[in-house]
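Colleague:
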Amino acid sequence: MTTRTPLTKNQVSRLRFMLDNDYSYRAMAKDFGCCTDTLKRMLVREGLAEFDGAKYAVSPASKAEVAMWSRACLRCKDDKPRPKWQYICDRCKGNVDVSGLPDSFIEAMNTGVDDVDEI
């Protein structure tokens, strides 16, 4: 898989011009040297167009505004803001691999409860 290079301001303005002048997606893709699917992904990424379908969805990590919360870390109890639904801070996450573990197990590990079902 190749790495994605960001579009230059000139390329973005050219895309905007082509959209405003009703160029077909096929013609735009040919001008940029890519397929129409890639062109549509570029349009979505730059916020110039929206299309239905999961294949053109923008990942949550790439959105400019990520919802934050100040919930205490399950391991160190630090309450610095971090992305919502992230239960363990980045510092603790780097120390122990907890990926794939259910939250109830992690809570039991931190509270010292022997039976996970008690939580």
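Residue numbers (this note's numbering): 3 to 121.
Where is the CB? At the ideal position from N, CA and C, for every residue including glycine.
Tell me the residue span of the alpha helix (DSSP H) that contains Arg47.
Modeller: Element bounds for Arg47: Thr38 to Arg47.
Colleague: What are the partner residues of Met20, as DSSP defines its beta bridges?
Modeller: Its beta-bridge partners do not exist; DSSP assigns none.
Colleague: Apart from the five residues on each side of it in sequence, which residues of its chain come closer than 6 Å, Cβ to Cβ, to Cys78?
Modeller: Same-chain partners within the cutoff: Cys94.
Colleague: Whose C-alpha, out of Pro104, Glu109, Ser72 and Leu50, is nearest the C-alpha of Leu9?
Modeller: The shortest Cα separation from Leu9 among Pro104, Glu109, Ser72 and Leu50 belongs to Leu50.
Colleague: How big is the Cα-Cα spacing for Leu17 and Glu52?
Modeller: When rounded, the distance between both Cα atoms is 14 Å.
Colleague: Note down, in chain order, each residue of its chain lying with its Cβ closer than 7 Å to the Cβ of Cys75, except the 5 sequence neighbours on either side.
Modeller: Excluding positions up to five away in sequence, the list reads Ile90, Cys91 and Cys94.
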